[in-house]
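FYI, the numbering for the sequence shown is 1 to 246, going by this note's numbering. For every residue, glycine included, the Cβ atom is placed at its ideal position computed from N, Cα and C. Below: the structure, in structure tokens.
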Amino acid sequence: MNFKQEFLDKLLSAKKIVFFTGAGISAESNIPTFRGKDGIWNKMNPEELASFDAFMRNPDLVWEWYQQRRDIVHKAQPNPGHVAIAGLEKHYDVTVVTQNIDNLHRRAGSTKIFELHGNIERNFCIECHTFYNSPDLETTNTVPKCKKCGGLVRPDVVWFGEMLPQDEFSGGEKAAEWSDICFVVGTSAVVYPATYIPMSAKRGGSYLVEVNIESTELSSYVDYSLFGKAGEILPKILEEVKKFKN
Ligand code: BJW
Ligand code: ZN
């Protein structure tokens with residue numbers, strides 16, 4: 001793969017790199033994306049599943065949907081895209097700002113991660129906010145009840161209409177603003193406020209690089225678009241870096 005010289009120059013001089021990632025980076029680990037032709041929301045209405053109202057209307061249905069997705073996530077392995085990002089930590093100060101709830105960046109070895117939309121492995125009681133890790137609740141297909149107060153337990157993910165965890169968002173935003181290069185990988189970039197992350201990067205003077213199989217809302221805004229699979233392009237970037245850094 002031939003990268004343009006301007007990008008290679010930026011890569012050579014960069015110190016801080018941010019990866020802003022979405023469902024597309026985990027597609028090659030066989031975790032379905034949300035939108036697009038193979039997206040899970042082709043078959044389901046997000047409003048009926050990914051909102052607090054939906055949960056209150058039919059908690060067992062929403063819980064079961066997340067249990068199915070937990071099974072998929074548990075069977076999945078990080079792919080060469082996740083692994084390349086973790087490998088870049090040897091050469092740069094790397095921060096991952098992810099919209100994904102699947103833990104694959106952590107499992108691949110990345111150490112500085114801001115999770116904007118929560119984590120599917122955590123759950124909490126909607127009444128008293130006691131936290132429960134998924135393995136303790138794994139056996140049930142109906143919504144579990146809190147051991148302390150009997151309240152409904154929900155996954156610790158961010159649904160439509162809910163605030164993002166403040167520390168994760170502001171940490172991600174600062175890292176983006178201070179970055180030298182910000183890669184936007186495998187996201188349709190239509191969900192706010194997450195999409196403000198690459199915008200903060202650009203505002204701070206960072207060089208924006210998109211990695212996606214197709215053009216997105218951000219394509220006309222970024223400095224460089226790399227079209228192709230993240231699991232193929234990111235390892236090539238790592239290879240390139242290894243040529244001039246050791
Ligand atoms: C590959 C690939 C490969 C595939 N290699 N690439 C109007 C305007 C602006 C905002 C709004 C609005 N109306 C409503 C809002 C707000 C709303 C929003 O943004 N809606 C838009 C959809 C219009 N946002 C919110 O509600 C947020 N909260 C909020 O605003 O709070 C303030 C507030 C509070 C109270 C009242 C009012 C406001 C919260 C958003 C939470 C999003 N949550 C979800 C679900 C998480 C839990 C779960 O997983 O179940 O997060 S939605 C879903 O979308 C998930 C994702 O993280 C998120 C982004 O999706 P992503 O990652 O981009 O995936 P896809 O599928 O869209 O794209 C995949 C991409 O990969 C594609 O581009 C492919 O081409 C590519 N690809 N294979 C490289 N191999
Ligand atoms: Zn409780």
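Close Cβ partners of Gly231 (< 6 angstroms) along its chain, the five nearest in sequence each way excluded: Glu28, Asn79, Pro80, Gly81
The segment 100-110 touching the segment 69-78, judged by at least three CB pairs closer than 8 angstroms: yes
Alpha-carbon to alpha-carbon, Val97 and Ala86: 13 angstroms
Bridge partner(s) assigned by DSSP for Ile181: Ile17, Tyr207
Extent of the continuous beta strand (DSSP E) run through Leu116: Unbroken run through Leu116: none, as it is neither H nor E.
Leu234 versus Ala84: straight-line alpha-carbon distance, rounded: 6 angstroms
Residue environment, Gly118, which counts as buried when at least 16 other CB atoms sit within 10 Å: buried
Unbroken beta strand (DSSP E) run spanning Arg226, endpoints: Note that residue 226 is Leu in the sequence shown, not Arg. Run containing Leu226: 224-227, per the beta strand (DSSP E) assignment.
Any non-hydrogen atom of ligand 2 within 7 angstroms of Gly205 CB: no
Burial state of Glu210, where buried means 16 or more other Cβ atoms lie within 10 Å: buried
Three or more C-beta pairs below 8 angstroms linking the segment 40-48 and the segment 198-214: no
Beta-carbon separation (whole angstroms), Gly161 vs Phe52, contact threshold 8 angstroms: 7 angstroms
Option in Met1, Lys16, Lys4, Asn58 with minimal Cα separation from Ile181: Lys16
Classification of Asn30 by the beta-carbon crowding that lies within 10 angstroms, buried from 16 upward: exposed
Delimiting residues of the alpha helix (DSSP H) encompassing Asp60: 59-75
Under 8 angstroms between C-beta atoms of Asn272 and Gly171: Nothing about residue 272 can be read from this structure; the chain reaches only from 1 to 246.
Cα-Cα separation, Pro198 to Gly24: 16 angstroms
heavy atom of ligand 2 below 7 angstroms from Thr140 C-beta: no
Contact test: Thr130 Cβ vs ligand 2 heavy atom, cutoff 7 angstroms: yes
Cβ-based neighbour list, Leu137, same chain, cut-off 8 angstroms, excluding 5 preceding and 5 following: Asn123, Pro144, Val153
Asn42 in three-state terms, based on DSSP: helix
Beta-ladder partner(s) of Lys145, from DSSP: Leu152
Spatial neighbours of Glu217 in its chain, beta-carbon cut-off 8 angstroms, leaving aside the 5 residues before and after: Ser188, Ala189, Val190, Thr195
Nearest-angstrom Cα separation, counted from Glu115 out to Leu8: 28 angstroms
Residue environment, Thr142, which counts as buried when at least 16 other CB atoms sit within 10 Å: exposed
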